[in-house]
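Enquirer:
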Amino acid sequence: MQPIHSSQQFDEATKDHGMVVFTTSWCPDCKRLDMYVDELVKDYPQFNWHVVDRDELPDLSDAQEVRGIPSLLYYKDGAKQEHLHSANAKTEMQIRSFLDTIQA
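Quick note on full-length UniProt numbering: the sequence shown kicks off at 1 and runs consecutively.
1. In the DSSP assignment, find the beta strand (DSSP E) that holds aspartate 77 and state where it starts and stops.
2. For lysine 15, collect the residues of the same chain with a Cβ closer than 7 Å to its Cβ; drop the 5 residues on either side in sequence, then sort them by chain order.
3. Runs of 4 residues minimum, wholly inside the UniProt domain "Thioredoxin" (1-104): which ones carry the alpha helix (DSSP H) assignment?
4. Excluding the 5 residues flanking phenylalanine 99 on each side, which residues of the same chain have their C-beta closer than 6 Å to its C-beta?
5. Hey, how far is the Cα of glutamine 2 from the Cα of leucine 33?
6. Are the segment 46-59 and the segment 79-94 in contact at 8 Å, needing three or more beta carbon pairs?
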């Protein structure tokens with residue numbers, strides 16, 4: 001996953017099938033996601049994977065309506081198409097089910 005450190009990087013990342021994972025360093029569910037995210041990236045190559053540290057870019061997170069972490073957001077042509085909220089992103093199976101529904 002490519003890290004995003006600015007709003008400009010975010011704008012570029014969301015132009016072409018961008019899957020953006022909002023996370024933080026202190027979140028237990030994010031740590032769990034770290035255990036299998038490389039497999040997700042490998043198994044879903046149709047997405048351009050990126051990661052945002054919510055604490056580093058709180059204004060961006062707020063603008064994208066990220067209320068909990070981890071959250072996965074899918075963008076096409078710069079517009080948010082899908083949002084897997086943190087309450088439903090607790091397990092690998094939940095995330096895979098979400099990814100399977102997206103027509104990239």
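Even for Gly, the Cβ is constructed at its ideal location relative to N, Cα and C.
Expert: The relevant details are as follows:
1. Start at 1 with the first residue of the sequence shown, and residue 77 comes out as number 77. No beta strand (DSSP E) contains aspartate 77, which DSSP labels as neither H nor E.
2. Translated into the one-based positions of the sequence shown, residue 15 becomes position 15. If the five residues before and after lysine 15 are omitted, its C-beta is found closer than 7 Å to the C-beta atoms of Asp77, Gly78, all from its own chain and listed in chain order.
3. Within the UniProt domain "Thioredoxin" (1-104), the alpha helix (DSSP H) runs of at least 4 residues that lie entirely inside it are, in chain order, 7-13, 28-34, 37-43, 58-63, 92-101.
4. Residue numbering aside, residue 99 sits at position 99 when the sequence shown is read from its first letter. First, the amino acid is wrong: residue 99 is leucine here, not phenylalanine. Cβ within range, chain order: Tyr44.
5. Looking up residue 2 in the sequence shown gives position 2. Looking up residue 33 in the sequence shown gives position 33. Distance between the alpha carbons of glutamine 2 and leucine 33 is about 16 Å.
6. Output reads no: the segment 79-94 does not touch the segment 46-59.
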